[in-house]
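Each remark here refers to the structure printed beneath this line.
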Amino acid sequence: MGSLSLQAIHKSFGAVEVLKGIDLEVNNGEFVVFVGPSGCGKSTLLRIIAGLEDATSGAVRINDRDVTTVPPAKRGIAMVFQTYALYPHLTVRDNMGLGLKQAGTAKDEIADRVRTASDMLSLAEYLERRPAELSGGQRQRVAIGRAIVREPELFLFDEPLSNLDAALRVQTRLEIARLHREVAATTIYVTHDQVEAMTLADRIVVLHGGVIQQIGSPMQLYNSPQNQFVAGFIGSPKMNFIEAGAVGRNGVSTIGVRPEHITVDGKAGDLEGAVSHVEHLGADMNLYLDCADAGTLVVRMFGEHHFDIGAKLFARFDAGRALGFDADGQTVDFSWE
Amino acid sequence: MSVARHSNVGSFAAHAILATYTVIALFPVIVIVVNSFKTRKAIFRSPLSPPDGETFSLIGYETVMAQGDFVLYFQNSLIVTVVALALVLLFGAMAAFALSEYRFRGNMLMGLYLALGIMIPIRLGTVAIMQMMVAAGLVPTLTALILVYTAQGLPLAIFILSEFMRTVSDDLKDAGRIDGLSEYRIFFRLVLPLVRPALATVAVFTMIPIWNDLWFPLLLASAEETKTVTLGAQVFIGQFVTNWNAVLAALSLAILPVLVLYIVFSRQLISGITAGAVK
Ligand SMILES: Nc1ncnc2c1ncn2[C@@H]1O[C@H](COP(=O)(O)OP(=O)(O)O)[C@@H](O)[C@H]1O
Ligand SMILES: [Mg+2]
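For the protein sequence lines, the chains are A and B, in the order given. The numbering used here puts the first residue of the first sequence at 87, with every later residue one more than the last. The numbering used here puts the first residue of the second sequence at 8, with every later residue one more than the last.
Given below as C-alpha cells:
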C-alpha cells in the first residue's frame, strides 16, 4: 500500500490563506483522521492530496513519488465524497467500473474486482440499479465500493458519514473500520466529528486556523493535549475551562478539567455550586453546576443519580487529571493540589 | 405540493387569472388561423366569426403554394433556426461551463462582458454587421444569418446556463476527474445531461425570435433562394394592395414548425422553469 508525505503545504484563495504550512508523514497502512471545526481547511487539504486543487506552494509525495503536478487519476488514489457523487446515469456496476475502464483495465479484471467489492459491501443484488433507486446508506456503500475497486495506494474520505442518519452512521463507521482491517490500505479520513475521529483513527491530525494543532493517537490527544484548542475539541461533553484567578490559582491562565474527571459531594470539595440542569443519557448523565466565580461546570457521572434543581453541591477535581494552560493557550505543567 | 394549503377561493382566482391570460395570449393567434380559412370578404365583414359553408375558402393557402417558393422558404427558415440554435446551445453551454467551473483571472469580467448582450439589442450594430458581412462576401447567404443569430442568442444562453451549471455538484465532477474522465467527457457526459431542462428553456427562448425575425433576413438574405418564411410572406403585403388571405395562410403555416419544436422541448421546459422555484 502507500505512504504519504506532505511538505510545507500552503494554500490561499485570493487574499485568504487557508492552509499555512502543513507538514505530515503518513506510514503504510495507517488510518489517519483530519479533524477540525468546519471551514478550517480539511477538505482543501484532502483535495490537494487528491490533486483536485493545486497547492499555492509545497509538495505532495505518495509512495516517495512527487505527485505535486500529477493529475488526480494518475496519483493512485481513490476518494469517497460526502455527497456520494455517484454518476446518476450509470448502474451501480458501471459506477464502480468506470475508473478502471478509463484506465484501460481488461473487462474480466473489472468484472472480477467489481464482484469482490460488491460482495464485501453486500451490494451484489443492486448491481444493475441506478443510484436514484438506492437508499442513502446503499449509495455511500457504492461510493466506497467505487473506491475499493480501484485498489488505490491511498483512500481519501471527505466526511463520508455526514449525510447519513445517526443509526446508519454508526453502522457505516463500523463497516469502514472493518474494511480498513481487511484491505489494510493507507487511509486519510476527514471529519468534523471528534467521535468519528476517536473511533476510527490510528492517528488524529487536529487542524485549526490553517495549521496542525497536534498529531497523535486518540488517547494521546485525550490525555495530553498540547493546547487548549485540542483539549476543548477532543472529548464530549467538552472539557470545562475555568479562569485560574477565579479559583485562586497562580502560575497558569486557564485550568481545564474533563467532565468525567469531576465528582460531586454534598459536604465538601474544591468548588461549590448549584445544580442548574440534569441530562440523563441512560448509561451516564451530565450534571450542570453553576459555580459563582468559576462559571458553569459540566460533570459527567455514570449510572443513574437523582439531583434537585437548585441543590447545593461541591465539585471535587481528579487532581492528577486537571490541565493548566498559559495565556497563549499552550499546555503547561500544572497540578491542582 | 400540499393540497391543504390552497383554499378553494384562492385556487379559483388563480385559475381565473391564468385562463384570462391564456385567452389574451392566444387570441391573436387564433384570429390569424381562423381567418386564414376564410374568403377575403368574410375576413373584413366579420373577422371574429369562424368560417362556415359560405365563407370557407382555401384561396390563401392556394396562393401561398402557387406563388413564391414556400417550401424553399420553410427549408431556409429551418436551416437557419436549427443550425443557429445548435451553435448557441453548444458554445453557450461550453462558455457557461468554463465560467462556472474554472477559476481564472477576469472570470467575473468575462461573465459580465458576455452577459452585456442581453441588455444591448444586436440591431444597434446593424450597420457594422452589414459592412462586415458584405466585406466577407456573405450577403446574401444563410451563413450570414446563422452567424448573426448565434451572436444574438449567446448572451442569454450563457447567462442562464452558467447559473444552472453552478448548481451541478462539484463532488460529481471531481469524482469524474479521479476516475480519469477528461474535462470534455465531464462536460458532455456528466454536466450536460444534468442541465437538460435549462438547455430546453434556452432552446425555446432562442429559437422563437430567430424564426420570427424579419429584420436580418431583409438585410442579409433577401435573394430569392435565401428568403425565410417571414420574409417570403412579405410579397403579399403590397404598398397599395395586401393579399390578406395569403398573408394569414403563410403566417399560419409558419406557426407549425415552431409548435413542433416547442412540443419537443416542452416537457424539459416546464421542469427548467420551475427548477429554481421549488428547491
Ligand atoms: N474554491 C474556493 N474559493 C474560495 N474559498 C474557498 C474555496 N474552497 C474553500 N474555500 C475556503 O477555504 C476554507 C476552508 O474550506 P474547507 O477546506 O472546505 O473547510 P472544511 O472542509 O474544513 O470545512 C473556507 O473558509 C472556505 O470558505
Ligand atoms: Mg469539508
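The C-beta atom is built at its ideal place from N, Cα and C for all residues, glycine as well.
Does the distance from the C-beta atom of residue i to that of residue j stay below 8 Å?
| i | j | result |
| --- | --- | --- |
| residue 168 of chain B | residue 205 of chain B | yes |
| residue 227 of chain A | residue 209 of chain A | yes |
| residue 38 of chain B | residue 54 of chain B | yes |
| residue 259 of chain A | residue 245 of chain A | no |
| residue 226 of chain B | residue 88 of chain B | no |
| residue 100 of chain B | residue 199 of chain B | yes |
| residue 397 of chain A | residue 361 of chain A | yes |
| residue 291 of chain A | residue 301 of chain A | yes |
| residue 272 of chain B | residue 175 of chain B | no |
| residue 73 of chain B | residue 149 of chain B | no |
| residue 128 of chain A | residue 293 of chain A | yes |
| residue 231 of chain A | residue 271 of chain A | no |
| residue 176 of chain A | residue 222 of chain A | no |
| residue 380 of chain A | residue 413 of chain A | no |
| residue 377 of chain A | residue 355 of chain A | no |
| residue 329 of chain A | residue 386 of chain A | no |
| residue 166 of chain A | residue 183 of chain A | no |
| residue 92 of chain A | residue 109 of chain A | yes |
| residue 139 of chain A | residue 296 of chain A | no |
| residue 288 of chain A | residue 116 of chain A | yes |
How far does the beta strand (DSSP E) with residue i in it reach, from first residue to last?
| i | result |
| --- | --- |
| residue 111 of chain A | 102-112 |
| residue 198 of chain A | Note, residue 198 of chain A: premise wrong, no beta strand (DSSP E); alpha helix (DSSP H) at 193-206. |
| residue 188 of chain A | Segment 178-188 is the alpha helix (DSSP H) holding residue 188 of chain A; no beta strand (DSSP E) there. |
| residue 374 of chain A | 370-377 |
| residue 145 of chain A | 143-148 |
| residue 365 of chain A | 357-366 |
| residue 116 of chain A | Counting along the chain, residue 116 of chain A falls outside any beta strand (DSSP E), and DSSP gives it neither H nor E. |
| residue 342 of chain A | 340-343 |
| residue 381 of chain A | 381-388 |
| residue 398 of chain A | 398-403 |
| residue 329 of chain A | 326-329 |
Just to confirm the assignment, what range does the alpha helix (DSSP H) spanning residue i have?
| i | result |
| --- | --- |
| residue 142 of chain B | 133-142 |
| residue 241 of chain B | Unbroken run through residue 241 of chain B: none, as it is neither H nor E. |
| residue 223 of chain A | 222-235 |
| residue 82 of chain B | 77-108 |
| residue 18 of chain B | 15-42 |
| residue 97 of chain A | No alpha helix (DSSP H) contains residue 97 of chain A, which is instead part of the beta strand (DSSP E) from 90-99. |
| residue 170 of chain B | 149-173 |
| residue 280 of chain A | 280-286 |
| residue 212 of chain A | Careful: residue 212 of chain A lies outside any alpha helix (DSSP H) and carries neither H nor E. |
| residue 51 of chain B | 47-52 |
| residue 259 of chain A | 252-269 |
Give the interface partners of residue i over in chain B, defined as CB-CB distance under 8 Å, in chain order.
| i | result |
| --- | --- |
| residue 185 of chain A | 185, 186 and 187 |
| residue 189 of chain A | 187 |
| residue 138 of chain A | 181, 184 and 185 |
| residue 165 of chain A | 181, 182 and 185 |
For residue i, go through chain A and note every residue whose CB falls closer than 7 Å to its CB, in chain order.
| i | result |
| --- | --- |
| residue 179 of chain B | 171 |
| residue 200 of chain B | 175 |
Which residues in chain A sit within 8 Å of residue i, going by Cβ to Cβ distance?
| i | result |
| --- | --- |
| residue 65 of chain B | Within 8 Å Cβ-Cβ: nothing; residue 65 of chain B doesn't reach chain A, min ~49 Å. |
| residue 176 of chain B | 169 and 171 |
Cα-Cα, which of the options is closest to residue i?
| i | options | result |
| --- | --- | --- |
| residue 217 of chain B | B:236, B:42 and B:74 | B:236 |
| residue 68 of chain B | B:269, B:274 and B:261 | B:261 |
| residue 60 of chain B | B:46, B:80, B:72 and B:70 | B:46 |
| residue 308 of chain A | A:329, A:285 and A:330 | A:285 |
| residue 482 of chain A | A:358, A:168, A:367 and A:357 | Lying outside 87 to 423, the shown extent of chain A, residue 482 of chain A is not represented and no answer is given. |
| residue 120 of chain A | A:299, A:88, A:198 and A:332 | A:299 |
| residue 238 of chain A | A:312, A:306, A:159 and A:195 | A:159 |
| residue 163 of chain A | B:52, B:185 and B:257 | B:185 |
| residue 311 of chain A | A:262, A:407 and A:330 | A:407 |
| residue 112 of chain A | A:341, A:369, A:241 and A:399 | A:241 |
| residue 411 of chain A | A:135, A:304, A:313 and A:389 | A:313 |
| residue 123 of chain A | A:194, A:320 and A:343 | A:320 |
Give the residues of chain B in contact with residue i, contact being defined as C-beta atoms less than 9 Å apart.
| i | result |
| --- | --- |
| residue 159 of chain A | 184, 185, 186, 187 and 188 |
Could you list which residues in chain A have their beta carbon closer than 9 Å to that of residue i, in chain order?
| i | result |
| --- | --- |
| residue 197 of chain B | 173, 174 and 175 |
Against chain C, with Cβ distances strictly below 8 Å, would residue i count as a contact?
| i | result |
| --- | --- |
| residue 309 of chain A | Any reference to chain C falls outside this structure, whose protein chains are A and B. |
Can you tell me which residues fall inside 5 Å of ligand 1, judged by beta-carbon distance to its nearest heavy atom, and keep chain order? Taking each Cβ in turn, the ones that pass are A:99, A:104, A:124, A:125, A:126, A:127, A:128, A:129 and A:130.
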